[in-house]
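Numbering (the working numbering), first residue to last: 2 to 118.
Shown next, in the form of C-alpha coordinates:
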(Lines of atoms letter the chains of each structure in order from A and count residues from 1; the text may use other names and numbers.)
(Lines give C-alpha, C1' and ligand atoms only; values in the text may rest on other atoms or scores of the structure.)
Protein backbone atom coordinates (compact mmCIF):
# COMPACT_ATOMS: atom_id res chain seq x y z
CA UNK A 1 0.00 0.00 0.00
CA UNK A 2 1.39 3.36 -0.97
CA UNK A 3 1.40 6.18 1.60
CA UNK A 4 -0.90 8.26 -0.65
CA UNK A 5 -3.57 5.54 -0.41
CA UNK A 6 -3.72 5.52 3.35
CA UNK A 7 -7.08 6.67 4.68
CA UNK A 8 -8.88 6.21 1.35
CA UNK A 9 -10.91 3.34 2.80
CA UNK A 10 -12.14 5.60 5.59
CA UNK A 11 -13.25 8.25 3.10
CA UNK A 12 -15.01 5.61 1.01
CA UNK A 13 -16.76 4.18 4.07
CA UNK A 14 -17.90 7.64 5.18
CA UNK A 15 -19.24 8.31 1.69
CA UNK A 16 -21.20 5.06 1.68
CA UNK A 17 -22.61 5.80 5.13
CA UNK A 18 -23.70 9.26 3.97
CA UNK A 19 -25.43 7.80 0.90
CA UNK A 20 -27.20 5.20 3.06
CA UNK A 21 -28.32 7.91 5.48
CA UNK A 22 -29.74 10.10 2.70
CA UNK A 23 -31.56 7.14 1.16
CA UNK A 24 -32.97 6.19 4.55
CA UNK A 25 -34.26 9.71 5.17
CA UNK A 26 -35.81 9.84 1.70
CA UNK A 27 -37.52 6.50 2.29
CA UNK A 28 -38.85 7.72 5.64
CA UNK A 29 -40.26 10.88 4.02
CA UNK A 30 -41.93 8.90 1.24
CA UNK A 31 -43.37 6.45 3.75
CA UNK A 32 -44.76 9.30 5.83
CA UNK A 33 -46.25 10.92 2.71
CA UNK A 34 -47.92 7.64 1.76
CA UNK A 35 -49.33 7.40 5.28
CA UNK A 36 -50.76 10.92 4.99
CA UNK A 37 -52.33 9.96 1.65
CA UNK A 38 -53.96 6.93 3.25
CA UNK A 39 -55.26 9.02 6.13
CA UNK A 40 -56.65 11.58 3.67
CA UNK A 41 -58.44 8.81 1.75
CA UNK A 42 -59.92 7.42 4.95
CA UNK A 43 -61.14 10.89 5.94
CA UNK A 44 -62.67 11.40 2.47
CA UNK A 45 -64.42 8.02 2.59
CA UNK A 46 -65.85 8.63 6.05
CA UNK A 47 -66.92 12.19 5.19
CA UNK A 48 -68.70 11.04 2.02
CA UNK A 49 -70.54 8.25 3.86
CA UNK A 50 -71.50 10.63 6.69
CA UNK A 51 -72.73 13.19 4.16
CA UNK A 52 -74.78 10.62 2.25
CA UNK A 53 -76.26 9.32 5.51
CA UNK A 54 -77.20 12.87 6.54
CA UNK A 55 -78.77 13.43 3.12
CA UNK A 56 -80.91 10.30 3.51
CA UNK A 57 -82.01 11.61 6.91
CA UNK A 58 -83.20 14.86 5.34
CA UNK A 59 -80.25 17.00 6.50
CA UNK A 60 -77.66 18.90 4.49
CA UNK A 61 -74.79 16.62 3.50
CA UNK A 62 -71.88 19.05 3.38
CA UNK A 63 -71.91 20.37 6.96
CA UNK A 64 -71.85 16.77 8.20
CA UNK A 65 -69.07 15.91 5.74
CA UNK A 66 -67.03 18.92 6.91
CA UNK A 67 -67.37 17.95 10.56
CA UNK A 68 -66.46 14.31 9.88
CA UNK A 69 -63.40 15.25 7.82
CA UNK A 70 -62.17 17.65 10.50
CA UNK A 71 -62.56 14.98 13.18
CA UNK A 72 -60.31 12.79 11.05
CA UNK A 73 -57.62 15.42 10.58
CA UNK A 74 -58.54 16.60 7.10
CA UNK A 75 -60.07 19.71 5.55
CA UNK A 76 -62.83 19.56 2.94
CA UNK A 77 -61.70 21.20 -0.30
CA UNK A 78 -64.99 20.53 -2.11
CA UNK A 79 -68.33 18.95 -1.28
CA UNK A 80 -71.21 18.40 -3.68
CA UNK A 81 -74.56 16.66 -3.65
CA UNK A 82 -74.66 14.94 -7.04
CA UNK A 83 -78.29 13.87 -7.08
CA UNK A 84 -79.96 10.56 -6.24
CA UNK A 85 -78.54 10.79 -2.72
CA UNK A 86 -74.90 10.73 -3.86
CA UNK A 87 -72.32 12.96 -2.17
CA UNK A 88 -68.80 13.66 -3.45
CA UNK A 89 -66.16 14.96 -1.05
CA UNK A 90 -62.61 16.13 -1.82
CA UNK A 91 -60.27 16.56 1.15
CA UNK A 92 -56.73 17.67 1.87
CA UNK A 93 -54.47 16.70 4.73
CA UNK A 94 -51.15 18.26 5.62
CA UNK A 95 -48.30 15.78 5.77
CA UNK A 96 -46.22 16.01 8.94
CA UNK A 97 -42.52 15.67 9.61
CA UNK A 98 -40.20 15.12 6.66
CA UNK A 99 -43.16 14.45 4.39
CA UNK A 100 -44.36 18.02 4.87
CA UNK A 101 -41.77 19.08 2.33
CA UNK A 102 -43.49 16.87 -0.24
CA UNK A 103 -46.75 18.82 -0.10
CA UNK A 104 -50.35 18.19 0.85
CA UNK A 105 -52.12 14.84 0.57
CA UNK A 106 -55.37 14.95 -1.41
CA UNK A 107 -58.17 12.42 -1.74
CA UNK A 108 -61.72 12.18 -3.04
CA UNK A 109 -64.66 9.88 -2.37
CA UNK A 110 -68.26 9.39 -3.45
CA UNK A 111 -70.99 7.74 -1.40
CA UNK A 112 -74.68 7.16 -1.72
CA UNK A 113 -77.33 4.48 -1.98
CA UNK A 114 -76.48 1.37 -3.99
CA UNK A 115 -79.37 2.16 -6.34
CA UNK A 116 -77.65 5.41 -7.42
CA UNK A 117 -74.75 3.88 -9.33
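Even glycine gets a Cβ: it sits at the ideal position worked out from N, Cα and C.
Nearest-angstrom Cβ-Cβ length linking residue i and residue j, presumed shorter than 8 Å
i, j, result
"residue 87", "residue 58", "Actually they are not in contact, since the Cβ atoms of residue 87 and residue 58 sit about 15 Å apart, beyond 8 Å."
"residue 66", "residue 49", "7 Å"
"residue 96", "residue 103", "6 Å"
"residue 111", "residue 89", "5 Å"
"residue 78", "residue 93", "5 Å"
Check whether residue i and residue j have beta carbons under 8 Å apart
i, j, result
"residue 85", "residue 117", "yes"
"residue 44", "residue 81", "no"
"residue 73", "residue 47", "yes"
"residue 55", "residue 62", "yes"
Residue i: first and last residue of the uninterrupted beta strand (DSSP E) it sits in
i, result
"residue 93", "87-95"
"residue 111", "105-112"
Segment limits, alpha helix (DSSP H) that includes residue i
i, result
"residue 81", "Premise fails: residue 81 lies in the beta strand (DSSP E), 76-84, not in any alpha helix (DSSP H)."
"residue 60", "Looking at the DSSP string, residue 60 is not in any alpha helix (DSSP H), and its letter there is neither H nor E."
Close beta carbons around residue i, own chain, < 6 Å, minus the five adjacent residues each side
i, result
"residue 38", "106"
"residue 98", "33"
Sequence-distant residues of its chain with Cβ nearer than 8 Å to residue i (five each side left out)
i, result
"residue 83", "89, 111, 113"
"residue 53", "62, 86, 87, 88, 112, 113, 114"
heavy atom of the ligand ATP below 7 Å from residue i C-beta
i, result
"residue 87", "The ligand content of the structure shown is nil, which means the ligand ATP is not present either."
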